[in-house]
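In terms of mature numbering (1 follows the signal peptide of the UniProt record, and there is no 0), the sequence shown is residues -29 to -1, 1 to 208. The structure appears right after this line, and notes come after that.
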Amino acid sequence: MLCTCKQYLKVLRGAVLLLMAFVFQSVHASGMTPDTTIVLVKVADGEGSINITNTHPSAALLYTSLANITEDKETLLVVTPPIMRVEPGQKQLVRFIVQARTPITTQRLKRVTFDGIPQKNNDGKSTVTMNVRQNLPVIIHPEGLALKNDPWVLLKWTRTGNTLNVSNDSPYVVRLTKQLTLLPGKTAAELPNNYILAGQSLSVKLPDNTPASVESVQFTPASLYGFAVNAFSAPLN
């Protein structure tokens, strides 16, 4: 008796799943899990650090790599150790040493990635390993500057025609969502980045139908340690 199309597809699906199970005996998700969502480096201490936990069931190599953002290419930190074997369930302390050629007078922003490369499986089984990369911001905090938990209150927002301008005249890096809402009217706008550097000014093109009556800009900032806080509304001058 001939199989129906539905029966044929069911048999074919089962064969594909069986083949995948044969070829890929096991699938593991590996990752290096940081203790915090941001790295804070205080220049006064000369360094900062973070603990990374190997959540993979086997030993893995932890690769740590620093990266500059587009607006700031200056090398200010050295990471140690850049490569380290970490046993399963164990923590590894990664240090960020300040090595700036000139004095750091404002907060600076960098990025760091943590990659975990598991050791090869020698039991003869084919294994697919999924490496989870962690990419975190690094805030370098200058000596003599007080820590501020809400630097976004220092931003200055202005409007010229259909252009929205924001200026950060403070020495702090402000991290926030790209999405903006102009009130009243709930007109949507978007920043080019999810941060505004110390001393930086940005301009955003507003929709043509943005009402002239808007009075404030609403956004969601991030705290110093990377936690999202309640939406904040800043006056629009």
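Where is the CB? At the ideal position from N, CA and C, for every residue including glycine.
Within a Cβ cutoff of 6 Å, which residues of the same chain sit near S29, ignoring the five residues on either side of it in sequence?
In the sequence shown, counting from the first residue as 1, residue 29 sits at position 58. P59, P89, Q90, listed in sequence order.
Which parts of the region 82 to 150 are runs of the beta strand (DSSP E), unbroken and 3 residues or longer, counting only runs that do not cross its ends?
98 to 103, 105 to 112, 127 to 131, 134 to 138
How many whole angstroms separate the CB atoms of E114 and F67, which I take to be in contact at a CB cut-off of 8 Å?
Locating residue 114 in the sequence shown gives position 143, counting from the first residue. Locating residue 67 in the sequence shown gives position 96, counting from the first residue. Contact doesn't hold; Cβ gap of about 15 Å is too wide.
What residues in its chain sit with their C-beta under 7 Å from that of L162, if we drop five residues either side in the sequence?
In the sequence shown, counting from the first residue as 1, residue 162 sits at position 191. Correct list, in chain order: K149, L151, L173, V175.
Leaving aside the five residues before and after N208 along the sequence, list all residues of the same chain whose C-beta is less than 6 Å from its C-beta, in chain order.
Counting from one through the sequence shown, the residue named residue 208 turns up at place 237. Hits under 6 Å: T129.
Using the Cβ count rule (16 or more neighbours within 10 Å means buried), how would you classify S184?
Indexing the sequence shown from 1 puts residue 184 at position 213. So S184 ends up on the exposed side.
For the beta strand (DSSP E) that Q61 lies in, which residues bound it at each end?
Counting from 1 along the sequence shown, the entry for residue 61 is found at position 90. Segment: none, Q61 is in no beta strand (DSSP E) and carries neither H nor E.
So what does DSSP say about L(-21), is it helix, strand or coil?
Your numbering for residue -21 matches position 9 in the sequence shown. Any reading at L(-21) needs caution, since the residue's pLDDT is 45, under 50, leaving its predicted position unreliable; the model's value is listed next. Helix.
Buried or exposed: which applies to F198, given that a residue is buried once 16 or more other Cβ atoms fall within 10 Å of its Cβ?
As a first step, residue 198 must be located in the sequence shown, where it is residue number 227. Exposed, since its Cβ has fewer than 16 Cβ neighbours within 10 Å.
Decide yes or no for the touch test of the region 2 to 22 against the region 108 to 124: beta carbon pairs closer than 8 Å, at least 3 of them.
yes
Who are the Cβ neighbours of R82 in its own chain at under 8 Å, not counting the five residues just before and after it?
In the sequence shown, the residue the question calls residue 82 occupies position 111. Taken in chain order, the residues that qualify are L37, A38, N39, I40, N106, L107, P108, V109.
Leaving out five residues before and five after V103 in sequence, what residues of the same chain have Cβ atoms less than 6 Å from its Cβ?
Taking the first residue of the sequence shown as 1, we reach residue 103 at position 132. Taken in chain order, the residues that qualify are G2.
Close-in-space but distant-in-sequence residues of the same chain around L147 (CB under 8 Å, 5 per side omitted)
Here the question's residue 147 lines up with position 176 in the sequence shown. Once the five neighbours on either side are set aside, the close Cβ partners of L147 are W123, L162, N165, Y166, I167, F190, T191, P192, A193.
Which of helix, strand or coil does DSSP assign to V200?
Stepping through the sequence shown from its first residue, residue 200 is reached at position 229. Here V200 sits in coil by DSSP.
Own chain residues within Cβ distance below 7 Å of I21, not counting five before or after:
Residue 21 sits at position 50 when you count from the first residue of the sequence shown. Excluding residues within five positions, the ones whose Cβ falls inside 7 Å are P5, D6, T7, V10, V65.
Rank T77, G87, E186, T24 by C-alpha distance to the C-alpha of N139 and give the top, closest one.
If you number the sequence shown from 1, residue 139 lands on position 168. Measuring from the Cα of N139, the nearest candidate turns out to be T77.
Mapping DSSP to helix, strand and coil, what is L195?
Position 224 of the sequence shown holds residue 195. Residue state, collapsed to three classes: coil.
Minimum C-alpha distance to H112 - residue among A71, L135, I54, N133:
Reading the sequence shown from its first residue, position 141 is the one you call residue 112. Nearest option by C-alpha distance: A71.
Rank A169, S187, S141 by C-alpha distance to the C-alpha of A160 and give the top, closest one.
As a first step, residue 160 is located in the sequence shown; it is residue number 189 there, counting from the start. Here the closest residue by C-alpha is S187.
If you count every other CB in all the chains shown that lies within 10 Å of the CB of T35, and 16 or more means buried, which is it?
In the sequence shown, counting from the first residue as 1, residue 35 sits at position 64. Answer is buried; the Cβ neighbour count reaches 16.
DSSP three-state assignment for D43, whether helix, strand or coil:
Here residue 43 refers to the residue found at position 72 of the sequence shown. Strand, per DSSP.
Out of L177, T26, K44, P206, which has the shortest C-alpha to C-alpha gap to L126?
Along the sequence shown, read from residue 1 onward, the residue named residue 126 stands at position 155. Among L177, T26, K44, P206, the Cα nearest to that of L126 is on P206.
May I ask which residues mark the beginning and end of the beta strand (DSSP E) holding V185?
Along the sequence shown, read from residue 1 onward, the residue named residue 185 stands at position 214. Taken as a continuous stretch (DSSP letters only), V185 belongs to no beta strand (DSSP E), as it is neither H nor E.
Using the Cα positions of P53 and L80, report the straight-line distance between them to the nearest angstrom.
Here residue 53 corresponds to residue number 82 of the sequence shown, with the count starting at 1. Here residue 80 corresponds to residue number 109 of the sequence shown, with the count starting at 1. Roughly 19 Å between the two C-alpha positions.
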